[in-house]
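Undergrad:
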Amino acid sequence: MDEVVLRRLIHQNPELAFEEHNTQKLIIGFAHSLGLNNIVTVGTGVLVLVGRNRDEPFVLLRAEMDALPIREETKYAYRSKNEKMHACGHDFHIAAACWAMRRIVQEKRRGNFLFVFQPAEESGAGAKTIVEHILRWDCEVKAAVAMHVTDEYPIGVVASKPGSLFSASCEVNVHVKGRSVHVAHHQLGKDALRGSVVFLNRIYEKDWQNDLVWFGRILAGHVRNTVADEALIEGTVRASDSKNVHDTLATLQKIAKEVEEEIGLKVSIIPGAEYPEVKVDEKLLSVLKAVSQKNGFEFMECERKLTAEDFGYFSKYFPTLMFWFGVREGSRVEGLHSSRFLPPDELIPVAGDLLAHLLDSIGQS
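Here you go:
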């Protein structure tokens, strides 16, 4: 099976986070077709080790496996057969990683390589479990690499930046506790909904500079003619790094205390799931620039995204490099997570060759 066929099979049968059983079987089958048997499964994830000397450092490549609960609206013959879709290009990432793996095996490149096919990037922070598994091995990871397709950039462009590429993030819930009474006697109650409005106004009036605090959902009260006795506000914090996330959470705690004292309600800040920032190592970035230019790509320096990426768990423990790979044809931009986003098959060898050269260059550097 070649990489384009593999991509189409995965694209036609997309699987959500932690459900990537068929995708896992296809990847393992491809690795076996190359004569590779040093394969480890971690849940629905797959780790393929390529190399001769386990005592030497490994260069790691991560490719995501999971799809999204989106109904595909393309007209390709290999469009999704179910109500899910690889709308973020993970099927392409798998195929490009497999192309790079085949080149490295067939050309007998020197060094050790670890191909990580990771489940649950879109939800569930699948990287965390994979990284924890790798850390239990007695092997050194010299560098961890990830590529992500985007039609923000045209074909032929590679983009990244030193330092924080994807933001650190933390889910945050705000619980407001009041006292319910009939609206006819509202002066005897404590209105959690009003407290929520006061809290949110303070948040949106504040200048968070380069960071982001945003709330997207609020649940309050039970019926229309009573004072709401409690409210839950759900949101997120995004910042350049984990320290700034924690500093912002401390500021939210301070604002909550001020609102408590002002209107006599209990306001609690409850942090949730947290993603570390994705950091790009400057030395690895210099290798990417050299390899890109040598292979006919234009390198562009981009801005940090306010989106989060669980590749940040790799950044927490290893030197990391992540970059954007442009796939736009013409001027139309669909955007990631669009029901019409589908990078062309013809770019799989292009991306795969770039990855093979990049991994080899990092290994030899």
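Numbering (our numbering), first residue to last: 1 to 365.
All C-beta atoms in this analysis are idealised placements derived from N, C-alpha and C, irrespective of residue type, glycine included.
For Lys279 versus Gly163, is the C-beta distance shorter than 8 Å?
TA: Yes, the Cβ-Cβ distance between Lys279 and Gly163 is below 8 Å.
Undergrad: Three or more beta-carbon pairs under 8 Å between the stretch 101 to 109 and the stretch 279 to 293, yes or no?
TA: Contact between the stretch 101 to 109 and the stretch 279 to 293 is absent, because fewer than three Cβ pairs lie under 8 Å.
Undergrad: Would Ala100 and Leu265 qualify as a contact pair, given that the criterion is a beta-carbon distance under 8 Å?
TA: No, the pair does not count as a contact, with Cβ atoms beyond the cut-off.
Undergrad: According to the Cβ coordinates, are Glu171 and Ala239 closer than 8 Å?
TA: No, the Cβ-Cβ distance between Glu171 and Ala239 is not below 8 Å.
Undergrad: Identify the continuous beta strand (DSSP E) that holds Phe113 and give its terminal residues.
TA: Its beta strand (DSSP E) spans residues Asn112 to Gln118.
Undergrad: Closest to Leu34 by C-alpha separation, out of Thr44, Thr41, Lys75 and Val48, would be which residue?
TA: Considering only alpha carbons, the answer is Val48.
Undergrad: Would you be able to state if there are at least three C-beta pairs under 8 Å between the stretch 65 to 72 and the stretch 133 to 145?
TA: Touching, no, given that fewer than three Cβ pairs across the two stretches are closer than 8 Å.
Undergrad: Below 8 Å, how does it come out for the stretch 312 to 319 and the stretch 78 to 87: are there three or more Cβ pairs, yes or no?
TA: No, because fewer than three Cβ pairs between the stretch 312 to 319 and the stretch 78 to 87 fall closer than 8 Å, the two stretches do not touch.
Undergrad: Using only CA atoms, which one of Thr307, Phe325, Tyr275 and Pro319 lies nearest to Phe297?
TA: Per the Cα distances, Phe325.
Undergrad: May I have the straight-line CA-CA distance separating Ala220 from Gln253, to the nearest angstrom?
TA: Going from the Cα of Ala220 to the Cα of Gln253 covers about 20 Å.
Undergrad: Helix, strand or coil for Ala17 per DSSP?
TA: The answer is coil: DSSP assigns Ala17 none of H, G, I, E or B.
Undergrad: State the Cα-Cα distance for the pair Thr44 and Glu19, rounded to the nearest angstrom.
TA: One C-alpha to the other measures close to 7 Å.
Undergrad: Keeping to the same chain, check which residues put their C-beta closer than 7 Å to that of Leu193; ignore five residues upstream and five downstream.
TA: Correct list, in chain order: Ala220, Gly221, Ala228 and Ala231.
Undergrad: What did DSSP end up calling Ile70 once you bin it into helix, strand or coil?
TA: Coil.
Undergrad: Are Leu342 and Leu212 closer than 8 Å when you measure CB to CB?
TA: In this structure, Leu212 does not lie closer than 8 Å to Leu342 by Cβ.
Undergrad: What are the uninterrupted segments assigned as beta strand (DSSP E) that are 3 or more residues long and contained completely in the stretch 26 to 90, given in chain order?
TA: Counting only runs of 3 or more, we get 39 to 42, 45 to 50 and 58 to 64.
Undergrad: Tell me His182's beta-bridge partners as DSSP assigns them.
TA: Thr226.
Undergrad: By alpha-carbon positions, which one of Glu329, Phe318 and Ala120 ends up nearest to Leu347?
TA: If we check each option's Cα against that of Leu347, Glu329 comes out closest.
Undergrad: Quick check on Lys206: does DSSP put it in helix, strand or coil?
TA: The answer is coil: DSSP assigns Lys206 none of H, G, I, E or B.
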